[in-house]
Amino acid sequence: MCIGIEPNGTKNSNMELTLLCIVIMFIMLNVNVVTAETMADVSSLYTHLLTGYDARVRPTADDQHQAINMTLTFSLNFIKTVDVTTGEFTVMGSVTTQWNDPRMAWTPSMRGGAYSITLPRHTVWTPEFTVIKSFDTSDSLGHPKYNVQFVYDGTAVWTFDDKLRAVCNYDVSDYPFDVQTCAVALSPVGMTSSQLRLIIATSTADVTDLVESDAWEYVSSSVTVVDIEVQLPPNTYPIPKVSICITVVLLVSSVICILTILNRRFNTRCQREHGPKHPKHTWTYEVTDEEKHTNVTVLPSKEATEGSKCEANCDL
């Protein structure tokens with residue numbers, strides 16, 4: 002069925018709409034002719050594939066020591082939380098995984114032309130992923146409601162959406178003009194690199210469906226694979242420039258306070274041992290009158306002399 006809304010226009014616009022409907026109907030009819038499998042064909046295919054299938058066994062053809070090649074694609078949908086105070090970094094995204102399971106291969110011509118089927122996740126082998134350095138304790142990613150699609154050659158495609166919460170070491174040294182870089186690390190549960198080999202389809206995240214945030218502007222992204230058995234990502238805790246400046250000011254102020262206390266303590270001890278630094282002087286006057294001329298001789302007292310000595314010692 003083709004449904005079209007006729008715009009207000011000339012007769013030519015009606016012809017273009019009719020041609021468009023014919024093309025769509027032709028493609029749909031062509032697909033129906035190629036994939037003419039019946040319900041019985043699909044049901045028989047399900048029974049054939051799942052009989053004797055053990056979802057606990059890794060899908061390797063001959064050797065269980067052989068690693069599974071799995072291709073990953075990450076799509077970033079929304080940056081939900083960027084909390085500099087708590088260190089929380091939360092994004093909404095979807096992960097598409099692709100691998101090959103030789104037990105799920107069939108010949109389409111022998112199954113009514115069935116090209117692909119969809120199976121519940123719990124019925125077949127699927128990988129389990131978890132977030133390294135998760136902000137909270139969470140289960141493995143991917144809800145069981147997300148089914149797995151298989152193609153006739155055994156290719157499996159499993160796409161799931163989830164909330165990824167990780168701990169981010171924010172760098173606020175250039176606040177409020179800072180640019181943050183946060184990493185969300187996913188790791189397969191219960192498998193090493195010798196059992197599962199991850200291959201990145203694209204070196205950047207798919208941001209086609211990204212919803213921009215009002216608080217933060219998305220700059221760029223990168224997707225890489227790191228073997229944690231060989232190399233561990235370094236943990237760095239940058240110190241803000243404002244904190245460095247405040248620390249220097251506090252150190253200088255502390256040195257000034259210490260010098261002031263020492264100087265005050267030294268002067269107090271000097272005055273206690275030798276008397277006050279500026280004592281009250283007592284003078285002795287001797288006056289003689291000769292021929293109506295007055296000669297005055299002033300001699301400092303003993304306390305004044307000791308005060309002068311104290312002043313000299315303290316000045317040193």
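This note's numbering numbers the first residue of the sequence shown as 2 and each following residue consecutively. Note that the Cβ used here is the ideal one computed from N, Cα and C, for glycine as well.
| query | result |
| --- | --- |
| Inter-stretch contact (C-beta, 8 Å, three-pair minimum) for the region 159–171 and the region 86–102 | yes |
| Beta-carbon contacts of isoleucine 133 that lie in its chain and below 6 Å, excluding the five residues immediately before and after | Ala186 and Ser188 |
| Beta-ladder partner(s) of glutamine 99, from DSSP | Thr72 and Val158 |
| Own chain, CB closer than 6 Å to phenylalanine 79, minus 5 neighbours either side, in chain order | Met93 and Val212 |
| Exposure label - aspartate 102; buried when at least 16 CB within 10 Å | buried |
| Extent of the continuous beta strand (DSSP E) to which threonine 119 belongs | 117–120 |
| Span of the beta strand (DSSP E), counted from its first residue to its last, around threonine 131 | 130–133 |
| Bridge-paired residues (DSSP) for threonine 82 | Thr91 |
| Rounded straight-line distance, which links the Cα of threonine 61 to that of leucine 120 | 19 Å |
| Buried versus exposed call for leucine 260 [16 or more other C-beta atoms within 10 Å across all chains shown] | exposed |
| Cβ pair arginine 326, leucine 46 closer than 9 Å | Here the chain comprises residues numbered 2 to 317, so residue 326 is not present and cannot be evaluated. |
| Nearest candidate by alpha-carbon position, reference tryptophan 100, set Val125, Ser76, Leu77 and Val85 | Val125 |
| Under 9 Å between C-beta atoms of glycine 114 and glutamate 218 | no |
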